[in-house]
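Asker: Below is a structure I'd like to ask you about.
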Amino acid sequence: MATAWFENHEKSKKHRENVQFLKEAMEEEEAQLSRREESNAEPAVDANVKKKNQKGAKK
Numbered sequence: 001m002a003t004a005w006f007e008n009h010e011k012s013k014k015h016r017e018n019v020q021f022l023k024e025a026m027e028e029e030e031a032q033l034s035r036r037e038e039s040n041a042e043p044a045v046d047a048n049v050k051k052k053n054q055k056g057a058k059k
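According to the UniProt record's numbering, the sequence shown is numbered sequentially starting from 1.
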């Protein structure tokens with residue numbers, strides 16, 4: 001009996017809408033995390049380049 005209920009639940013419009021909402025939210029969160037990781041990696045390289053340039057300019 002619980003199996004039939006669950007199958008009906010999965011087919012319901014509200015369930016499908018909620019699944020779609022969660023999928024989109026998770027994809028957006030993943031995109032934000034990827035952008036954050038990319039932006040965190042870039043400044044470290046830029047900071048090293050700036051340090052080298054500053055040392056060269058002082059000489």
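For glycine and all other residues, C-beta sits at the position ideal for the given N, C-alpha and C.
#1: Does S39 come out as helix, strand or coil in the three-state DSSP assignment?
#2: I need the DSSP call for S12, collapsed to helix, strand or coil.
#3: Give me the Cα-Cα distance between S12 and A41, rounded to the nearest whole angstrom.
#4: Whole angstroms is fine: what's the gap from A4's alpha carbon to R36's?
Answerer: Looking at the coordinates:
#1: helix
#2: Secondary structure at S12: coil, using DSSP grouped into helix, strand and coil.
#3: 44 Å
#4: 43 Å
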